[in-house]
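*Asks:* Just so we're on the same page, the working numbering is the position in the sequence shown counted from 1, plus 112. Shown below is the structure under consideration.
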Amino acid sequence: MAHEAHRKAAEHHEKAAAHHHEAANHHEAGDHEAAHEHSVKAHEHSTHAHNHSSEAHVRSQDHAHAHAD
113 MAHEAHRKAA
123 EHHEKAAAHH
133 HEAANHHEAG
143 DHEAAHEHSV
153 KAHEHSTHAH
163 NHSSEAHVRS
173 QDHAHAHAD
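In C-alpha coordinates:
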(Lines of atoms letter the chains of each structure in order from A and count residues from 1; the text may use other names and numbers.)
(Lines give C-alpha, C1' and ligand atoms only; values in the text may rest on other atoms or scores of the structure.)
Protein backbone atom coordinates (compact mmCIF):
# COMPACT_ATOMS: atom_id res chain seq x y z
CA MET A 1 0.00 0.00 0.00
CA ALA A 2 2.97 2.34 0.29
CA HIS A 3 3.06 2.57 -3.50
CA GLU A 4 -0.52 3.90 -3.53
CA ALA A 5 0.35 6.56 -0.94
CA HIS A 6 3.38 7.57 -3.05
CA ARG A 7 1.16 7.79 -6.13
CA LYS A 8 -1.40 9.96 -4.31
CA ALA A 9 1.38 12.19 -3.00
CA ALA A 10 2.74 12.65 -6.52
CA GLU A 11 -0.72 13.50 -7.86
CA HIS A 12 -1.22 16.15 -5.19
CA HIS A 13 2.26 17.59 -5.82
CA GLU A 14 1.36 17.91 -9.50
CA LYS A 15 -1.96 19.59 -8.69
CA ALA A 16 -0.23 21.96 -6.27
CA ALA A 17 2.32 22.87 -8.94
CA ALA A 18 -0.43 23.57 -11.46
CA HIS A 19 -2.20 25.87 -9.00
CA HIS A 20 1.09 27.66 -8.24
CA HIS A 21 1.54 28.28 -11.99
CA GLU A 22 -2.03 29.56 -12.27
CA ALA A 23 -1.52 31.81 -9.25
CA ALA A 24 1.61 33.25 -10.83
CA ASN A 25 -0.20 33.86 -14.12
CA HIS A 26 -3.12 35.61 -12.41
CA HIS A 27 -0.76 37.66 -10.26
CA GLU A 28 1.17 38.83 -13.33
CA ALA A 29 -2.14 39.76 -14.97
CA GLY A 30 -3.11 41.81 -11.92
CA ASP A 31 -5.95 39.50 -10.87
CA HIS A 32 -4.93 39.17 -7.25
CA GLU A 33 -8.20 37.60 -6.10
CA ALA A 34 -7.84 34.70 -8.55
CA ALA A 35 -4.15 34.44 -7.66
CA HIS A 36 -5.08 34.13 -4.00
CA GLU A 37 -7.68 31.44 -4.75
CA HIS A 38 -5.11 29.39 -6.65
CA SER A 39 -2.57 29.90 -3.87
CA VAL A 40 -5.07 28.52 -1.36
CA LYS A 41 -5.73 25.49 -3.59
CA ALA A 42 -1.99 24.97 -4.02
CA HIS A 43 -1.55 25.00 -0.26
CA GLU A 44 -4.39 22.48 0.19
CA HIS A 45 -2.85 20.10 -2.33
CA SER A 46 0.60 20.56 -0.80
CA THR A 47 -0.84 19.61 2.59
CA HIS A 48 -2.47 16.51 1.11
CA ALA A 49 0.79 15.61 -0.64
CA HIS A 50 2.69 15.95 2.62
CA ASN A 51 0.18 13.73 4.43
CA HIS A 52 0.37 11.03 1.75
CA SER A 53 4.16 11.24 1.70
CA SER A 54 4.26 10.75 5.46
CA GLU A 55 1.88 7.80 5.18
CA ALA A 56 4.02 6.25 2.44
CA HIS A 57 7.15 6.69 4.52
CA VAL A 58 5.59 4.97 7.54
CA ARG A 59 4.24 2.13 5.42
CA SER A 60 7.61 1.66 3.71
CA GLN A 61 9.33 1.48 7.09
CA ASP A 62 6.72 -0.98 8.41
CA HIS A 63 7.21 -3.13 5.33
CA ALA A 64 11.00 -3.05 5.67
CA HIS A 65 10.81 -3.97 9.36
CA ALA A 66 8.38 -6.81 8.66
CA HIS A 67 10.83 -8.34 6.18
CA ALA A 68 13.85 -7.79 8.43
CA ASP A 69 12.46 -10.04 11.16
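Virtual Cβ for every residue (Gly too), placed ideally from N, Cα, C.
In or out: H157 buried (at least 16 other Cβ within 10 Å) or exposed?
*Replies:* Numbered from its first residue, the sequence shown carries residue 157 at position 45. When all chains shown are included, H157 counts as buried.
*Asks:* Going by the CB atoms, is the gap between H118 and S166 shorter than 9 Å?
*Replies:* Indexing the sequence shown from 1 puts residue 166 at position 54. Indexing the sequence shown from 1 puts residue 118 at position 6. Not a contact, by the Cβ cut-off of 9 Å.
*Asks:* I'd like to know whether the C-beta atoms of E134 and A121 end up nearer to each other than 9 Å.
*Replies:* For this step, residue 134 is matched to residue 22 along the sequence shown. For this step, residue 121 is matched to residue 9 along the sequence shown. No; because the gap between Cβ atoms is not below 9 Å, this pair is not in contact.
*Asks:* Grouping DSSP H, G and I as helix and E and B as strand, with all else coil, what is D174?
*Replies:* Start at 1 with the first residue of the sequence shown, and residue 174 comes out as number 62. Helix, per DSSP.
*Asks:* Would you mind working out which of E126, H132, Q173 and H124 sits nearest H150, comparing C-alpha positions?
*Replies:* To locate residue 150, count along the sequence shown from 1; it is residue 38. Considering only alpha carbons, the answer is H132.
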